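*Asks:* Position 45 of the sequence shown, counting from 1, maps to 45 under full-length UniProt numbering, and the rest follow consecutively. I have a structure I would like to understand better, so I am pasting it below and will then ask my questions one at a time.
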Amino acid sequence: MNNLFPTRRDFMDMNRHFMGDSFDRFFADTGNFNVDIKENEDAYTVEADLPGLAKEDIELDYKNDVLSIRAQQETSTEEKDDESNYIRRERSSRSYNRQFLIKDVDEDNITAEFDNGVLKVQLPKTETDGQNTKKIDIQ
1 MNNLFPTRRD
11 FMDMNRHFMG
21 DSFDRFFADT
31 GNFNVDIKEN
41 EDAYTVEADL
51 PGLAKEDIEL
61 DYKNDVLSIR
71 AQQETSTEEK
81 DDESNYIRRE
91 RSSRSYNRQF
101 LIKDVDEDNI
111 TAEFDNGVLK
121 VQLPKTETDG
131 QNTKKIDIQ
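The structure is reproduced here in structure tokens:
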């Protein structure tokens with residue numbers, strides 16, 4: 001009875017059978033990267049693993065309580081023979097985009113640093129005294 005309907009694994013295996021390694025390479029990088037978000041009394045800390053990227057490849061912003069991390073990476077490989085004829089020439093491009101809802105942040109004091117492939121963002125919390133809470137009457 002379990003084999004009555006194909007499973008996702010069967011579909012992936014079938015595609016690998018027909019397309020070989022091309023299938024795996026096409027879906028290898030789908031724009032995700034590992035992120036850790038920590039909270040303490042004073043701030044949120046976001047650490048994103050972005051190995052192989054340069055600081056200039058990363059775009060970071062905070063708007064409407066959403067932290068957005070975007071990155072674009074372009075690489076090229078070139079191999080020539082003795083006569084400078086191309087034997088192989090490849091180019092690739094990857095883009096990454098993640099967004100996180102993080103509320104009650106002091107936007108003016110957000111800091112970020114990028115070191116050794118790790119982006120670390122400090123988002124200080126704002127002082128809240130409960131005035132942002134709106135009571136809703138139930139009809």
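Don't be surprised by glycine CBs; every beta carbon is placed ideally from N, CA and C. If you're wondering where the values come from, they're calculated on a predicted model, not measured in any experiment.
Sorted by chain position, which residues of the same chain lie with C-beta nearer than 6 Å to I37's C-beta, five sequence neighbours on each side aside?
*Replies:* Only V46 meet the Cβ criterion.
*Asks:* Within 10 angstroms of the Cβ of S76, are there 16 or more other Cβ atoms? Answer buried if so, exposed if not.
*Replies:* Flag for S76 reads exposed.
*Asks:* Counting only the same chain and skipping the five closest in sequence on each side, list residues whose C-beta sits under 8 Å from that of A43.
*Replies:* Here the set comprises Q122, L123, P124, K125.
*Asks:* Roughly how many angstroms separate the alpha carbons of L101 and E127, rounded to a whole number?
*Replies:* Approximately 18 Å between the Cα atoms of the pair.
*Asks:* Any idea what DSSP makes of D61, helix, strand or coil?
*Replies:* D61 falls in the strand class under three-state DSSP.
*Asks:* Can you say whether A71 is buried or exposed, counting buried as having 16 or more other CB atoms within 10 angstroms of its CB?
*Replies:* A71 should be labelled buried.
*Asks:* For the beta strand (DSSP E) containing D49, name the first residue and the last one.
*Replies:* Here the beta strand (DSSP E) through D49 covers 43 to 49.
*Asks:* Taking DSSP as the reference, what is the three-state secondary structure of E107?
*Replies:* E107: helix per DSSP, three-state reduction.
*Asks:* Is I69 buried or exposed, if buried means 16 or more other CB atoms sit within 10 Å of its CB?
*Replies:* Buried is the call here.
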